[in-house]
Amino acid sequence: MEQYYSRDISCENCKHAYSTLKIKSRYIRPLSHDTDFCSTYQSEETNPLLYYVSVCPQCGYAVTDEFSDKFTSESLQAIRTKIQKHWQYKDYGQIRSVKTAINAYKLGIYSGIIKKEAAIVMAGLYLRLAWIYRTVEKNTTQEQRFLQLAVEQFEISYSTGDFEEKDMSEIKLLYLIGDLHSRLDQERQAIQFFQMVIQHKAKEKEKRLVEKARDRWYEIRAASKLQTTS
Ligand SMILES: [Zn+2]
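In terms of the working numbering, the sequence shown is residues 15 to 244.
(1) Quick one, which of 58, 133, 190 and 166 has its alpha-carbon nearest residue 175's?
(2) If you scan the region 70 to 150 from start to end, which runs of the beta strand (DSSP E) of 3 or more residues do you find wholly inside it?
(3) Three or more C-beta pairs closer than 8 Å, one from the region 157 to 166 and one from the region 108 to 116: is that the case here?
(4) Helix, strand or coil: which one does DSSP assign to residue 214?
(5) Check whether the region 90 to 100 touches the region 38 to 45, counting contact only when three or more Cβ pairs, one atom from each stretch, lie closer than 8 Å.
(6) Skipping 5 residues on each side, what residues in its chain have a beta carbon closer than 7 Å to that of residue 139?
(7) Is the closest heavy atom of ligand 1 to the C-beta of residue 72 under 7 Å?
(8) What residues in its chain sit with their C-beta under 7 Å from that of residue 227, if we drop five residues either side in the sequence?
(9) Which residue from 61, 66 and 50 puts its Cα closest to that of residue 34?
(10) Classify residue 199 as buried or exposed, calling it buried when 16 or more other Cβ atoms lie within 10 Å of its own Cβ.
(11) Whole angstroms is fine: what's the gap from residue 90's alpha carbon to residue 84's?
(12) Helix, strand or coil for residue 221 per DSSP?
(13) I need the boundaries of the beta strand (DSSP E) containing residue 195, first residue and last residue.
(14) Tell me whether residue 245 counts as near ligand 1, meaning its Cβ is closer than 7 Å to at least one heavy atom of that ligand.
(15) Exposed or buried, what is residue 187 when buried is set at 16 or more other beta-carbons lying within 10 Å of its beta-carbon?
(16) With 16 other CB atoms within 10 Å as the buried threshold, where does residue 164 fall?
(17) Taking the straight line between their C-alpha atoms, what separation do you get for residue 23 and residue 81?
(18) Taking DSSP's pairing of strands, which residues face residue 54 in a bridge?
(19) Using three-state DSSP, classify residue 180 as helix, strand or coil.
(20) With DSSP as the reference, label residue 66 as helix, strand or coil.
Laid out in structure tokens, this is it:
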């Protein structure tokens with residue numbers, strides 16, 4: 015139990031105060047990193063991905079730290095009629111199985127859609143859920159499904175600029191979009207976004223990412239040449 019701590023949260027919808035478990039940072043030790051910044055962890059007991067979404071036990075409104083506390087009267091009304099009204103008390107604040115964690119993500123995604131949360135926030139939810147399917151569940155079909163939803167939201171975020179309010183640079187966002195396209199075998203789009211990284215006006219500031227994008231660009235070009243000549 016020592017790796018967990020309890021975080022107090024006040025539900026922005028029903029004002030109920032509840033607590034939810036998180037993993038202490040000193041216990042979070044990734045074993046490896048993928049090109050889309052996905053980390054693999056030793057065990058479910060120290061995997062922070064499982065505790066990313068907080069669910070209000072009283073009303074079912076589920077959030078991440080990235081959710082804004084701003085609501086329109088329409089979004090509050092929609093949360094009440096589409097989530098709260100159908101909710102039966104359930105506590106997600108304890109140690110989670112993978113199945114429970116995935117349910118928490120689905121509640122977070124549903125809450126975000128109903129609230130009309132920013133695209134960058136929705137993308138973060140879809141991407142992390144895809145990572146759970148990749149690293150814990152080893153379910154490629156579900157992984158690809160949520161990677162596709164993530165890349166669509168990241169592209170909306172790029173066009174609206176809502177990523178600027180979060181901890182995300184434009185180069186990192188473009189790189190990530192390119193990487194997700196390549197994971198989805200969408201090579202034309204992957205090349206397009208990696209090129210945007212390579213030619214970006216701020217490329218001197220994030221040399222490592224630009225280098226990675228260049229490597230990936232060459233890899234994809236080489237692979238597609240092989241395919242056309244064979
Ligand atoms: Zn609530």
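Every residue gets a Cβ at the ideal spot worked out from N, C-alpha and C, and that includes glycine. Computed from a predicted model, the values in this text were never measured in an experiment.
So, from the data block:
(1) Numbered from its first residue, the sequence shown carries residue 175 at position 161. Here the closest residue by C-alpha is 133.
(2) Here no run is fully enclosed.
(3) Short answer: they don't touch.
(4) The residue given as residue 214 occupies position 200 in the sequence shown. Residue 214: coil per DSSP, three-state reduction.
(5) Taking a contact to require three or more Cβ pairs closer than 8 Å, the region 90 to 100 and the region 38 to 45 do not qualify as touching.
(6) The count along the sequence shown starts at 1 and reaches residue 139 at position 125. If we look at residue 139 and ignore the five residues flanking it on each side, its Cβ neighbours are 78, 119, 122, 123 and 126.
(7) Residue 72 sits at position 58 when you count from the first residue of the sequence shown. At least one heavy atom of ligand 1 lies less than 7 Å from the C-beta of residue 72.
(8) Start at 1 with the first residue of the sequence shown, and residue 227 comes out as number 213. Excluding sequence neighbours, residue 227 sits near 189, 192, 208, 211 and 212.
(9) Sequence index remark: in the sequence shown, residue 34 carries index 20 (1-based). Nearest C-alpha to residue 34: 66.
(10) In the sequence shown, the residue the question calls residue 199 occupies position 185. So residue 199 ends up on the exposed side.
(11) For this step, residue 90 is matched to residue 76 along the sequence shown. For this step, residue 84 is matched to residue 70 along the sequence shown. Their backbone Cα atoms lie some 10 Å apart in a straight line.
(12) Taking the first residue of the sequence shown as 1, we reach residue 221 at position 207. If DSSP states are grouped into helix, strand and coil, residue 221 belongs with the helices.
(13) On the sequence shown, position 181 is the one that residue 195 refers to. Annotation: residue 195 is outside any beta strand (DSSP E); the continuous alpha helix (DSSP H) that includes it extends over 184 to 197.
(14) This structure cannot speak to residue 245, because the chain is shown only from 15 to 244.
(15) The sequence position of residue 187 within the sequence shown is 173, counting from 1. Here residue 187 is buried, its C-beta having at least 16 other C-beta atoms within 10 Å.
(16) As a working mapping, residue 164 is identified with position 150 in the sequence shown. Under this definition residue 164 is a buried residue.
(17) For this step, residue 23 is matched to residue 9 along the sequence shown. For this step, residue 81 is matched to residue 67 along the sequence shown. Each residue's alpha carbon lies about 13 Å from the other.
(18) As a position in the sequence shown, residue 54 is number 40, starting the count at 1. DSSP lists 46 as partners of residue 54.
(19) On the sequence shown, residue 180 is found 166 positions in, with the first residue counted as 1. Here DSSP, grouped into helix, strand and coil, assigns residue 180 to coil.
(20) Sequence index remark: in the sequence shown, residue 66 carries index 52 (1-based). Residue 66 falls in the coil class under three-state DSSP.
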